[in-house]
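Chains as they are written, first to last, in the UniProt record's numbering: chain Y, 1 to 358; chain V, 1 to 463.
All C-beta atoms, glycine included, are put in the ideal place defined by N, C-alpha and C.
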């Protein structure tokens with residue numbers, strides 16, 4: 001039942017923008033006790049990943065009902081801009097993996113700061129102006145199908161991936177999956193950061209991908225679904241948390257953290273300046289940053305943490321951060337460059353020309 | 001008490017504090033301005049660097065102006081970590097190429113062609129610092145000017161400025177405090193001569209009418225001169241008064257002697273018992289009057305002698321013995337035991353024989369007349385560096401609360417009848433003139449009441 005829903009969302013996202021309100025996927029978590037308030041979460045985050053966190057949060061605040069609205073990143077961004085301008089009623093807290101969009105929103109004055117005992121826990125690179133906090137630690141990984149990718153083929157760096165596609169173009173033609181960076185904000189953010197981290201290998205990789213008729217899907221789960229379905233052998237730039245969640249139910253999925261560099265994304269949380277109940281939003285934000293929230297996140301939702309070891313079965317360097325392989329995407333003004341209209345248009349045009357210009 | 005204004009110290013300290021506070025306020029204001037200028041300069045460089053980088057990224061491709069926003073420019077601006085960034089790129093036709101189309105720090109962008117233009121403005125409700133740079137771009141349609149406007153909020157600047165200002169404030173406050181403490185100490189030290197003058201005046205003997213000999217700062221000299229002038233006039237008045245009294249006493253003595261003689265010539269046998277009693281009273285009163293007149297004369301004599309006579313070494317034993325002999329009458333009550341005990345060693349003081357004898361005689365006379373009932377002891381002893389004449393009697397003594405008063409002229413305690421009140425005054429003045437003093441020792445169990453005169457001994461080598 002997950003897949004059709006996601007397809008629908010992707011279709012919606014890719015459809016020409018209609019003038020009406022942007023619809024997200026809604027789910028209500030009723031209060032377990034007498035309802036004293038309702039927290040509205042607008043998120044571009046898989047609900048299944050957030051569910052344990054929301055439930056644990058509600059066990060701390062039994063009087064709170066939580067309305068969880070799930071969008072794709074770009075829709076969330078548009079909805080937030082509308083809410084900031086006062087055109088529609090926004091959420092009490094925004095959660096998005098596309099942190100560059102959150103940075104843009106904060107830069108435009110659409111966020112309100114929050115300071116508490118828990119917010120100081122956020123690492124320096126995951127806090128901008130006390131307005132945007134990164135509450136997860138998600139390495140960006142390659143995912144492959146163990147059934148069809150022989151062990152010697154498994155790429156352990158971006159270079160090796162490019163080489164693999166060059167040396168065995170026939171094996172992987174039409175069998176490599178990645179995001180549509182136009183539809184997915186996080187896909188664009190990751191590609192943009194790839195191009196900045198290693199411009200040369202990024203160029204080679206894009207060129208190789210273009211020759212292998214890459215399968216482009218809107219979202220993480222859809223890409224993972226294509227692997228599970230046997231349509232795709234290897235996926236590039238998948239959020240580690242989703243990949244690991246999928247691998248727990250499907251042992252055929254292999255996960256690799258590239259050893260040349262691994263981008264690390266911290267999912268952003270932001271309290272909009274126009275939030276109807278900012279106090280409730282801040283409660284959830286504090287919970288997500290608190291040790292308890294992080295523990296639940298590590299065990300049930302996102303599986304990786306900055307200081308903890310990698311989960312078993314994940315192929316990656318032992319000390320991701322200390323070795324310097326892990327490259328956190330710093331939440332800060334530099335992300336504004338990614339959000340520049342011309343930048344974005346040019347980057348996506350180039351990408352599409354290469355990937356789709358088969 | 002006389003009413004007084006606030007002390008010189010607090011007046012000075014207050015004024016110094018006001019001056020220091022004004023100075024500190026000026027310094028802090030200046031520090032604030034400097035800090036703002038410094039913060040602006042530091043962050044203006046970042047802003048300008050970012051603007052240059054962005055201007056460099058304007059390129060003409062396919063006869064179109066294109067722009068690739070360099071993330072490094074934002075990383076540069078990101079050094080001011082909490083500040084928001086706005087930018088706008090304007091193409092030669094005046095259209096906004098990218099960025100926030102509504103930033104316009106000035107209507108005339110062309111001013112930035114010569115040099116980058118900085119400005120402060122409010123944008124989206126917050127204060128921002130902007131820089132505008134221009135870059136000439138050439139395409140096939142000709143050469144035109146493109147502009148890059150970069151704006152940054154001022155949180156980091158304000159934080160830096162307030163941090164710098166805070167440090168300056170701490171420094172200025174510390175310096176002001178030090179200056180205040182230093183000034184207070186300096187004022188205290190400078191005002192010390194005033195206190196010293198006050199102490200000298202306070203400790204002065206009320207009978208001392210010699211001029212003040214204190215060395216004082218120039219500013220206090222008028223006061224000392226005035227005080228001395230006043231003392232001199234007072235001294236002259238006192239002398240005049242004393243001379244007048246002495247003259248009067250002398251004038252009275254002659255008729256008094258005649259009166260005594262006349263009284264003694266009255267034949268008592270012919271008188272009635274009442275008259276005889278009246279005569280007895282007249283005789284007593286006359287004798288009292290004679291003694292009082294004598295004392296007045298003695299007093300005048302003593303003062304006169306100190307004014308005119310050079311002091312000479314005097315043997316304390318001798319002078320005490322002479323006074324003892326002169327005072328104790330031959331007709332003394334046989335029941336009264338009187339004794340004189342000289343010191344074994346020679347006690348030499350610098351003094352005037354006559355005055356000294358008169359002083360001791362007055363003390364002995366007082367003891368005989370008002371104190372002793374059956375015993376009188378006169379002793380010369382050595383008491384440390386002092387020679388001491390002790391006159392002790394077995395009478396009730398003088399109560400301690402009167403000790404200070406009995407040495408004043410004409411003081412008479414109510415319990416004592418017939419006291420002229422000049423005896424102790426003469427003794428006290430003589431002792432004072434000779435650098436000594438008169439003292440009392442209360443009656444205790446086993447020890448009688450004593451009056452003593454202490455006088456400094458002449459050092460052996462000098463004598």
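- Taking a contact as a CB-CB distance under 8 Å, the pair residue 172/Y and residue 212/Y counts as one, their CB atoms being some 5 Å apart.
- Here the C-alpha atom of residue 237/V lies approximately 28 Å from the C-alpha atom of residue 288/V.
- Look at residue 331/V here: in three-state DSSP terms it is coil, with no helix or strand label.
- Of 116/V, 393/V, 403/V, the smallest CA-CA separation from residue 149/V is found for 116/V.
- Apart from sequence neighbours up to five positions away, the residues of its chain that approach residue 360/V with a beta-carbon distance below 6 Å are 320, 323, 389, ordered along the chain.
- Around the beta carbon of residue 86/Y, fewer than 16 other beta carbons sit within 10 angstroms, so the residue counts as exposed.
- Between residue 95/V and residue 65/V, the alpha-carbon positions lie close to 11 Å from each other.
- Residue 315/V has its alpha-carbon roughly 10 Å from the corresponding atom of residue 352/V.
- Around residue 124/V, the beta-carbon contacts reaching into chain Y at under 9 Å are 108, 109.
- Residue 67/V has a beta carbon lying within less than 8 Å of a beta carbon in chain Y.
- Judged by their CB atoms, residue 268/Y and residue 102/Y are nearer to each other than the 8 Å cut-off.
- The contact set of residue 255/Y on chain V, defined by CB atoms closer than 9 Å, is empty, because the minimum CB distance reaches about 29 Å.
- In the structure shown, residue 221/Y falls within a helical segment according to DSSP collapsed to helix, strand and coil.
- In the DSSP assignment, residue 42/Y falls within the beta strand (DSSP E) that extends over 37 to 44.
- Between residue 45/V and residue 183/Y, the alpha-carbon positions lie close to 38 Å from each other.
- Non-local beta-carbon contacts of residue 119/V in its own chain, meaning distances under 7 Å to residues more than five positions away in sequence, involve 105, 106, 130 in chain order.
- Taking 7 Å as the cut-off between beta carbons, the residues of the region 335 to 355 of chain Y near chain V are 336, 337, 340, 341, 342, 343, 346, in sequence order.
- With a threshold of 16 other beta carbon atoms within 10 Å, residue 279/Y falls short and is exposed.
- Residue environment for residue 262/Y: buried (at least 16 other C-beta atoms within 10 angstroms of its C-beta).
- Sequence-distant partners of residue 112/V (beyond 5 residues in either direction) whose C-beta falls short of 7 Å from its own C-beta, in its chain, are 132, 133, 134, 147.
- Taken through DSSP and simplified to helix, strand or coil, residue 208/Y comes out as helix.
- Under the three-state reduction of DSSP output, residue 222/V falls in the helix class.
- Using beta-carbon distances, residue 189/V does not count as an interface residue toward chain Y, since no partner is under 8 Å.
- Per DSSP, reduced to three states, the secondary structure at residue 190/Y is helical.
- Closer than 8 Å to the CB of residue 81/V there is at least one CB belonging to chain Y.
- Contact residues of the region 92 to 112 of chain V toward chain Y are 97, 98, 99, 100 (C-beta to C-beta distance below 9 Å).
- From the listed residues 197/Y, 226/Y, 224/Y, 191/Y, the smallest Cα separation to residue 209/Y is found for 191/Y.
- Straight-line spacing of the CA atoms in residue 205/Y and residue 237/Y works out to 12 Å.
- Taking 8 Å as the cut-off, the beta carbon of residue 258/V is found no closer than this to the beta carbon of residue 297/V.
- Distance between residue 143/Y and residue 356/Y, taken at the CA atoms: about 22 Å.
- The criterion of a C-beta distance shorter than 8 Å is satisfied by residue 311/V and residue 350/V.
- The count of Cβ pairs closer than 8 Å, one atom from the region 236 to 250 of chain Y and one from the region 299 to 314 of chain Y, reaches three, so the stretches are in contact.
- Sequence-ordered contacts of the region 64 to 98 of chain Y with chain V are nonexistent [C-beta pairs closer than 9 Å].
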